[in-house]
Structure formats: structure tokens, C-alpha cells
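Data block below; observations after.
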Amino acid sequence: MKKFTLTNERQRIDGVTLYRIKALHAFDNVKAGDCGGWIEHEDNLAQEGICWIYDEARVYGKARVSIKAKIANNAVVYGRARVFGAAKITDNAQVFGRAHVYDDAVISGQAKVFHKAQASNTARVYGQASVFNDAWIYGSAWARDQTQIQGEARVYGRARVMGRASVSGQSHIFSTAQLCGDVILEGKTRIGDQARVASNADYLTVWLIGQRQHAVTAFKRQDGTIGVHGDGFNVTLDQFLDTIPSQYADRPESRDYQYIVALIKLAWPAD
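Heads up: the sequence shown begins at 17 in the numbering used here, then just goes up one per residue.
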């Protein structure tokens, strides 16, 4: 059974005619006869489920909203974007390109999710934050203010990205890590475990070139100590000094790890 129809009320945007929708029967918090937002054609909003477009929100192009998703206020979804699950797009947020927003993710404020980016689980993107390219924010992570998450970056766990921070490349920000200020992360940087990185001086990434090419990142933690993340370990600096180099004593990485210890001591001589 159809739950909505197109009304005769219309508007033009980007050369496309949009039609206001009207509910044919009651569901969720929508009453029969309620007018909703705007779509280009019926394929933009699933007739099944309790998904809805509210207020002056707009969905057009080949974008589709389904299941329990809600688009509200002045939010815009277009291109080939998909919004599903119980996701919410509100305020002046935009989702476009081939982006996917799903589960219980919320995109609000003036935030943008576009290209092939994804937001899922209970992730939040708000303020003027942008998630784009092939980036993915998930778990209970937040991105806010003027942050940019791009490339193939991943932000997850309970990580917080704030200020004008930029996360790109194949960087991973996870656990309870906090990024703020003007910090720029790129390459294959890995930062987690209670990190608080407020400037580029708060972390150090070293590439190990050998049989196993990988990166080791040292970073400042919220308690003032230093954390070290590498291939198969995520430890404090003290733990790294006590155990990691000795574990690789008979392997080519041993000398590399000794260099890393020296670099960390140069970067933070008082720590």
C-alpha cells in the first residue's frame, strides 16, 4: 500500500522540478494528510517502511531514502546517495554523490557527506564537517566544526575529530582518540588509545621499509603520556621501550625500532 503521493505544489532547483509529498495514511509520527518535504519522483522515497521527508528537506536525482530514515529541516540528499536504516539528515546538511548514510548515523548542521563516503552505526557528523572521497566514519565516532575526513581514512570507536583537523590517506583514528586544532593526518597514520592530538607536533609517524612495510605512530595521550601504535601493537611508550624492541631482536625490524625510540626521544625530550 502506498503511503504517500505527490501534490501539485512544486518548485525548481538546479533545473529540476520537485514536488511536495503528502501522506496517504498514518505511520510513525506522520498523520494521514500531512505534507512533507520535496522529491523529484516517487523512487526518491520508499513507499515501504516508516522513512519520511519532513519540512523543506529535498531529495532528488537518483538518491533514495528508505526503511526508517528521516530527512528534515532544510537538508538535501541528491545524486545517487542512499540514506537508510534509522539514519537522520537534518538542519542544512547535505548528502550527495554516491555517499551512504545508514544505521543510526546523524548528519546535521551544515555538514556534508559526499563522493563515496559512508557514515554508519551511531556516528555523528555536524557543524561544518565534511566526509568525502572513500572515507568512512562509524562506531560512535564524531566529526564536527570544520574538520575534513577524506581519502580512504577511517574514524571509528569513540574517536572525536574537532576544530580544523584533516584526516586523509589511509589514516585510522579510533578508540577514544581526540583530534583538534589544525592537525593534519595523512598516509597510514594510526592514532587511538586515549590520544589527544592538538597540533602536528603531538604525533610522529615513521615508515618501516623492509620485508613488511608498515608505519609506527607515536602520539600524545590525554593523560600526558606517549602512546605508540604499530603493526600488531598499541601500547604506551614505557611498554614499547620495555617489550617491543626485544621481541624483534632477531629480526630485521630490530634496528628500525631502535631508530624509532631515538626519534621519539628527540620529539619529546621531556616525556
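The C-beta atom is built at its ideal place from N, Cα and C for all residues, glycine as well. Quick caveat: nothing in here was measured; it's all calculated off a predicted structure.
Burial state of residue i, where buried means 16 or more other Cβ atoms lie within 10 Å
i	result
residue 178	buried
residue 35	buried
residue 248	exposed
residue 56	buried
residue 33	exposed
residue 42	exposed
residue 31	exposed
residue 23	exposed
residue 236	buried
residue 215	exposed
residue 49	exposed
residue 223	exposed
residue 271	exposed
residue 166	buried
residue 18	exposed
residue 47	exposed
residue 194	buried
residue 254	exposed
residue 218	buried
residue 98	buried
residue 263	exposed
residue 26	exposed
DSSP beta-bridge partners of residue i
i	result
residue 37	22
residue 76	For residue 76, which the question treats as bridged, DSSP gives no partner whatsoever.
residue 110	92 and 128
residue 246	249
residue 98	80 and 116
residue 69	87
residue 28	33
residue 277	Looking at the DSSP assignment, residue 277 forms no beta bridge with any residue, so it has no partner.
Residue j beta carbon less than 8 Å from that of residue i
i	j	result
residue 174	residue 191	yes
residue 116	residue 134	yes
residue 239	residue 274	no
residue 141	residue 151	no
residue 106	residue 88	yes
residue 114	residue 96	yes
residue 100	residue 76	no
residue 163	residue 139	no
residue 283	residue 220	yes
residue 29	residue 69	no
residue 251	residue 232	no
residue 184	residue 169	yes
ask   = Three or more C-beta pairs closer than 8 Å, one from the region 57-68 and one from the region 110-130: is that the case here?
value = Under the 8 Å Cβ criterion, the region 57-68 does not count as touching the region 110-130, having fewer than three qualifying pairs.
task = Output the residue ranges of the beta strand (DSSP E) runs that lie fully inside the region 178-230 and measure 3 residues or longer, sorted by chain position.
result = Every unbroken stretch of the beta strand (DSSP E) spanning 3 or more residues and falling wholly within the region 178-230 is given here in chain order: 219-224.
query = Can at least three beta-carbon pairs, one atom from the region 199-207 and one from the region 149-163, be found at a separation below 8 Å?
reply = With a cut-off of 8 Å, the region 149-163 and the region 199-207 do not count as touching, because too few Cβ pairs lie within range.
ask   = Quick one: complete beta strand (DSSP E) runs, 3+ long, within the region 134-182?
value = List check, beta strand (DSSP E) in window: nothing returned.
task = Tell me the start and end of each unbroken beta strand (DSSP E) in the region 43-67 that is at least 3 residues and wholly inside, in chain order.
result = Within the region 43-67, the runs of beta strand (DSSP E) that reach at least 3 residues and sit entirely inside it are, in chain order, 51-55.
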